[in-house]
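Each protein sequence line maps, in turn, to chains R and F. Counting from 12, one number per residue, gives the positions in the first sequence under our numbering. Counting from 724, one number per residue, gives the positions in the second sequence under our numbering. We put the CB at the ideal spot given by N, CA and C, even for glycine.
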Amino acid sequence: MSKDLRCSNVTKSLGGRVVLDDLSFAVSAGEVVSLLGASGSGKTTLLRIVAGLLDPDRGELAIGDRAVWSASSSVPAERRGISMVFQDYALWPHMSVAKNLSFGLETQRVSASEIKARLDRALEVTRLGPFRDRYPNELSGGQQQRVAIARCLVLRPALMLLDEPLSNLDAALREDMRVEMMELVRREGSTVLYVTHDQTEAMAVSDRIAVMRNGVIAQLDTPQAIYDRPADPFVASFIGGFSLLRGHTGDGLFRLPEGAVEGIRADNVASGPGILVIRPEDARPTGVHQTHLRGRVLSRAFQGRCWRLVVALGSQNVRLDWPEPPPIGSELGFSLPPERCLILADANQEKKTPWRI
Amino acid sequence: MSATNEHYWGAAASARGSGLRAATARLWHVGIRGSFPLAIYLAFGLLLGLPLLLVLIQAVMPGLFDVNAPSLALSIAPLERALSSSRIADAVVHSLELATLSAVGATLLGGVFALCTQRCSLPARRLFAAVPWLVFLTPSYLKALAWVLLMAPGGYLAQFGLLPADIARAFFALPGLVFIQALNLFPLASFVIASALAGLGSEYEEAARLAGASRWRIWLKINGPLLLPAIALTLIAIFAEGLSDFGMASTIARVANFRVLTYGIYAAASDYPVDFPMAGAQALILLALVVAVVLLDRLVLRRRTDPRLISGRSRRPELYNLGLWRWPVASLLLLISVLALVLPLVAIVARACTRTLGVGLSLANLTTANLYVALSVGTDANAALLRSLAYAVIAAIIAGAAALLLALELDRSRGAMRPIVLGLSLGAVAIPGVVLGFGYILMWHRLPGFDAMPFPRYGDASLLITGYVAAALPYCLVIILGAIGQLAPTLNDAARLQGAGPTRRLLRITLPLVLLSVITALLLTFIRTVFELPLSQMLVPLSGPPVPPLVTNLFGHDQDGIGAALSLVSMIAAGSGAGVIWLVAQRLARRQLGTRDGAPA
Chain R
12 MSKDLRCSNV TKSLGGRVVL DDLSFAVSAG EVVSLLGASG SGKTTLLRIV AGLLDPDRGE
72 LAIGDRAVWS ASSSVPAERR GISMVFQDYA LWPHMSVAKN LSFGLETQRV SASEIKARLD
132 RALEVTRLGP FRDRYPNELS GGQQQRVAIA RCLVLRPALM LLDEPLSNLD AALREDMRVE
192 MMELVRREGS TVLYVTHDQT EAMAVSDRIA VMRNGVIAQL DTPQAIYDRP ADPFVASFIG
252 GFSLLRGHTG DGLFRLPEGA VEGIRADNVA SGPGILVIRP EDARPTGVHQ THLRGRVLSR
312 AFQGRCWRLV VALGSQNVRL DWPEPPPIGS ELGFSLPPER CLILADANQE KKTPWRI
Chain F
724 MSATNEHYWG AAASARGSGL RAATARLWHV GIRGSFPLAI YLAFGLLLGL PLLLVLIQAV
784 MPGLFDVNAP SLALSIAPLE RALSSSRIAD AVVHSLELAT LSAVGATLLG GVFALCTQRC
844 SLPARRLFAA VPWLVFLTPS YLKALAWVLL MAPGGYLAQF GLLPADIARA FFALPGLVFI
904 QALNLFPLAS FVIASALAGL GSEYEEAARL AGASRWRIWL KINGPLLLPA IALTLIAIFA
964 EGLSDFGMAS TIARVANFRV LTYGIYAAAS DYPVDFPMAG AQALILLALV VAVVLLDRLV
1024 LRRRTDPRLI SGRSRRPELY NLGLWRWPVA SLLLLISVLA LVLPLVAIVA RACTRTLGVG
1084 LSLANLTTAN LYVALSVGTD ANAALLRSLA YAVIAAIIAG AAALLLALEL DRSRGAMRPI
1144 VLGLSLGAVA IPGVVLGFGY ILMWHRLPGF DAMPFPRYGD ASLLITGYVA AALPYCLVII
1204 LGAIGQLAPT LNDAARLQGA GPTRRLLRIT LPLVLLSVIT ALLLTFIRTV FELPLSQMLV
1264 PLSGPPVPPL VTNLFGHDQD GIGAALSLVS MIAAGSGAGV IWLVAQRLAR RQLGTRDGAP
1324 A
């Protein structure tokens, strides 16, 4: 049922701007891959191209063993065997829940008994049975989302596309829905391409994440690998709460403009501009690790498990998680585990790209 | 055909394999889907573009349609003659005076009406909110004729001693005409300003209140400036509508000997001896004025910052509680309603049920004879009624279907035709019916090739119905395009991914969702067509006139009793028919959309 997806050298320009630049990647059957990126990074364009709602300029697309787009042939969206959960769900307002679900099956001339069986099962697994005769505007946001997912699942698609399916839900509902949705999707063993700009969401749902930047994939890897070893400063800046400190590497040491950071070795990094990636949860009091850094507390915010501090290290700021709230303006010394301190080459040094702290 | 479609069909064919059958199927689809939009554009051009072009060409080639010696010579002699004629100079000045003053008056009335019914808590607020619609649907020539019945020496108001003789005399001049025209056109202002008020929402106002602004200051500094573009738009639209109006021009203005451009065109093109060059010159002047106004409108629109676009979602504001002031305010609205709607209708009903105007509303004068004539099969009046209803049904169905197809095509296409057709159709709303009628006469009576055409044919009902369709097409298109534009594109994308082809998407997704708008467009076309005067008057079929020209003719020949009865019967017939269909359609659509509380989905 579920099939793999292969995209090779997909290129697309819109309004004279290159939106997707010679992009290649593959999703295995039954795998969930997220496209993570800021708005304008090309993730939605890629999704629409895979769906067949938009044609690429160049490249090839294949689902299973069937080429769905190449320079010489194209299978239209309605025959690709793909289904999609839209950001606004796109439930047809003039059809009841059951009608929304059966529309595609009727279109594909599935027999009446088969439609009934699939409909009943989809309503059962999504717990929508009591709402089968309701209209979309009579459902809550979460129920609408379940209908949108059920409408996808009922077709048993080769590939499911999810376009920011949680962005219309409020924060309290979002996590519950995410868990529930992925449980459904995993149970069916669907191959999924999932678009989001929320890294927490991407980490939670995906087998692998493709971090997109300006129409190219900056890194495609498992969530854990991306968290532990971001490929470059861009990916690091996109992943939750990391602080990026500009400095220099040389003689095996990393130096901030204010001086060398004790205890951090930069042996495997070429000399020149470098960036130190600090994960907030790694900070410990002075003396726990060999490294030692000192800065001034700019702000603090209670986060339940800990306090999130913003600490000024010279002209740069760093985010740290701390067990108690130090006074604002006070000096704070802290240490970092050297093996967790990642140093990346700073290719953007010349351009002075302002990294998010 | 759009590139995407072409690609799609080509792709579908290649995906199925490259046999002869696939190639034939592809050709067939490309042929059908390619020629279909072309046919729609062509029909649009033939119905509206060519007649207008002929009017313009004829204005500078006055000999073009001369029966005896046709010539292609360019000449501005008729235009010079027109501009130097004091009669036509008067008509231009009269048209401008009337249009300007009634635009100001109607905007004021409409603004007050919209503000009170939208934002104030008033007794019978919903009833008042329906008044502009009823006024809008009552034909202008009928209201004008009703005011003649009311204000004429010996008319109803004089009989009741409500009208001093000198006021009655002054009424049949500019002030009276402005009064009637402002009351006639205020619904347009009320619609535009009410929709702007609804779009404004309450957020800006609440923000200003929290910043400490008083209610007056809010209106002066926040709501007022935000509504200004809508008010400017209203002034311009009503000015253009006033310039193009033929209903008043051919009735009360003619009685008052107040010549305006529209009637001048009609008289030159239709009254014996016909003077096409003169009609052309006046049509050119009128079109130039209307085009100038439409361009001004575009300028205002471009500068306009639509509040709906800024705020995205606006909440319905709270209604102002006026306290004791609600009674005087409600009385004001009641007065406007009585003058714009009730009084004219009462006059028509009274005249329809009495023998003579002069004897007044005495019991002895009451009669059912007029209504009997209008309702008896075989009379001219009844024949006109049946004719008008039939023509209107046919025109509404054709115009609605054509507008729907054109709207779908426009919505789908991203090509160069889209802005052109869109601009033309929006502009075409402003084409005066009398100019279109003149264009039709030139095209179907004089243009070689068309004059001999069996269908539609000059002097035949088919041509009149074609004209009705052309006049209604832009309105229908604007209504249906608006509805389609509100559909989220993802609704169609979702159906596509579920395997639905173009036809199935149209029938199962798009059409059900815009059905109510399509029916609204049909019903509006139906009602407007039953009471359409200028085209009906200029293209009267040989088989007999429809209702509007017959009514004005009856009033002009002292048979105003039968004229009033015919008007009354046709209003009841058309209004109740359309009303029933509207109620059924609305109920159906509401159930279909699952909006049990009546809110749009």
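When you compare only the Cα positions, how much space is there between residue i and residue j?
i                  : j                  : result
LEU102 of chain R  : ASP1216 of chain F : 11 Å
PRO887 of chain F  : ALA881 of chain F  : 7 Å
ALA1002 of chain F : ALA1151 of chain F : 20 Å
PRO141 of chain R  : GLY53 of chain R   : 39 Å
THR297 of chain R  : MET193 of chain R  : 42 Å
LEU831 of chain F  : ILE959 of chain F  : 13 Å
LYS363 of chain R  : ILE763 of chain F  : Because LYS363 of chain R carries a pLDDT of 44, less than 50, the predicted location of this residue cannot be relied on, and the following value inherits that uncertainty. Answer to the nearest angstrom: the Cα atoms are 57 Å apart.
THR1318 of chain F : VAL915 of chain F  : Because the pLDDT of THR1318 of chain F is 45, which lies under 50, any placement of that residue in the model is unreliable, and the number read from its coordinates should be weighed accordingly. Roughly 26 Å separates the two Cα atoms.
LEU1058 of chain F : GLU117 of chain R  : 58 Å
PHE981 of chain F  : LEU787 of chain F  : 31 Å
LEU180 of chain R  : GLN98 of chain R   : 10 Å
GLU926 of chain F  : ARG1219 of chain F : 38 Å
PRO679 of chain F  : ARG932 of chain F  : The question about residue 679 of chain F has no answer, for chain F in this structure spans 724 to 1324.
GLY11 of chain R   : GLY70 of chain R   : With chain R covering 12 to 368 only, the question about residue 11 of chain R has no answer from this structure.
HIS105 of chain R  : SER94 of chain R   : 20 Å
GLN119 of chain R  : GLY922 of chain F  : 42 Å
Contact check, residue i vs residue j under 8 Å by CB: the rounded distance?
i                  : j                  : result
LEU1009 of chain F : ALA782 of chain F  : In fact, because the Cβ distance is near 11 Å, the residues do not count as touching under 8 Å.
LEU777 of chain F  : MET1166 of chain F : 5 Å
SER346 of chain R  : VAL299 of chain R  : 5 Å
PRO1272 of chain F : SER1290 of chain F : Actually they are not in contact, since the Cβ atoms of PRO1272 of chain F and SER1290 of chain F sit about 12 Å apart, beyond 8 Å.
LEU868 of chain F  : PHE1278 of chain F : 5 Å
PHE895 of chain F  : VAL1017 of chain F : So it is not a contact: roughly 31 Å between Cβ atoms.
TYR864 of chain F  : GLY970 of chain F  : 4 Å
LEU1112 of chain F : ALA1244 of chain F : Not a contact, Cβ separation roughly 18 Å.
In chain F, which residues lie less than 8 Å from residue i when you measure between Cβ atoms?
i                 : result
GLU89 of chain R  : ARG1219, LEU1220, GLN1221, GLY1222, ALA1223, GLY1224
PHE114 of chain R : ALA1218, GLN1221, ALA1223, ARG1231
ARG139 of chain R : Looking at the sequence shown, residue 139 of chain R is not Arg but Leu. What LEU139 of chain R touches in chain F: nothing, since even the nearest Cβ is about 15 Å away.
LEU134 of chain R : The premise fails here: LEU134 of chain R is roughly 17 Å from chain F at the closest Cβ pair, so nothing lies under 8 Å.
LEU170 of chain R : Chain F residues near LEU170 of chain R: none, gap ~10 Å exceeds 8 Å.
LEU25 of chain R  : None at all; the shortest Cβ gap to chain F is about 12 Å.
Which chain R residues sit within Cβ distance under 8 Å of residue i?
i                  : result
ASP1216 of chain F : ALA62, LEU64, ALA88, MET95, PHE97, ALA101
PRO1235 of chain F : HIS105
What does residue i touch in chain C if you count any residue whose Cβ is under 9 Å from its own?
i                  : result
ALA1308 of chain F : Among the protein chains in the structure shown, which are R and F, there is no chain C.
Name, please, each residue of chain F whose Cβ falls closer than 7 Å to the Cβ of residue i.
i                 : result
THR118 of chain R : GLN1221, GLY1222, ALA1223, ARG1227
Name the chain R residues whose beta carbon is nearer than 7 Å to that of residue i?
i                  : result
ILE1242 of chain F : None at all; the shortest Cβ gap to chain R is about 15 Å.
ALA1211 of chain F : ASP99, ALA101
Please list the partners that residue i has in chain F, where partner means a Cβ-to-Cβ separation under 9 Å.
i                 : result
LEU180 of chain R : Here the premise fails: no neighbours, minimum Cβ distance about 17 Å.
LEU347 of chain R : Correct list: empty, because the minimum Cβ distance to chain F is about 44 Å.
Is the beta carbon of residue i within less than 7 Å of some heavy atom of the ligand SAH?
i                 : result
PRO785 of chain F : Absence of the ligand SAH is noted for the structure shown, with no ligands found whatsoever.
Three-pair Cβ contact test at 8 Å for the stretch 1305-1313 of chain F versus the stretch 1090-1098 of chain F = no
Curious, which full-length beta strand (DSSP E) runs of at least 3 residues does the stretch 281-357 of chain R contain?
-> 283-289, 304-313, 318-324, 327-333, 342-346, 353-356
Cβ pair count under 8 Å reaching 3, the stretch 853-871 of chain F against the stretch 1058-1066 of chain F = yes
Which runs of the alpha helix (DSSP H) spanning at least 4 residues fall entirely within the stretch 1178-1216 of chain F, listed in chain order?
-> 1184-1208
Check whether the stretch 810-826 of chain F touches the stretch 792-802 of chain F, taking contact to mean three or more Cβ pairs, one atom from each stretch, closer than 8 Å.
-> no
Would you be able to state if there are at least three C-beta pairs under 8 Å between the stretch 43-56 of chain R and the stretch 197-213 of chain R?
-> yes
At 4 residues or longer, and completely inside the stretch 89-173 of chain R: list those alpha helix (DSSP H) runs for me, N to C.
-> 108-118, 123-136, 152-164
Contact the stretch 764-773 of chain F vs the stretch 1183-1198 of chain F: 3+ CB pairs below 8 Å | yes
Check whether the stretch 333-347 of chain R touches the stretch 303-312 of chain R, counting contact only when three or more Cβ pairs, one atom from each stretch, lie closer than 8 Å.
-> yes
Cβ contact check for the stretch 256-271 of chain R and the stretch 218-236 of chain R: 3 or more pairs under 8 Å = no
Tell me, please, whether the stretch 1100-1115 of chain F touches the stretch 1271-1287 of chain F by the rule of three or more beta-carbon pairs shorter than 8 Å.
-> yes
Report yes or no: do the stretch 1206-1214 of chain F and the stretch 1234-1253 of chain F share at least 3 C-beta pairs separated by less than 8 Å?
-> yes
Which runs of the alpha helix (DSSP H) fall wholly inside the stretch 881-933 of chain F and span at least 4 residues, in chain order?
-> 888-894, 897-923, 926-933
Between the stretch 131-147 of chain R and the stretch 58-75 of chain R, do three or more beta carbon pairs fall short of 8 Å?
-> no
Would you list, in sequence order, the uninterrupted alpha helix (DSSP H) runs of no fewer than 4 residues that lie entirely inside the stretch 1097-1170 of chain F?
-> 1103-1135, 1140-1151, 1156-1164
Is the stretch 1041-1060 of chain F in contact with the stretch 840-853 of chain F, if contact means three or more CB pairs nearer than 8 Å?
-> yes
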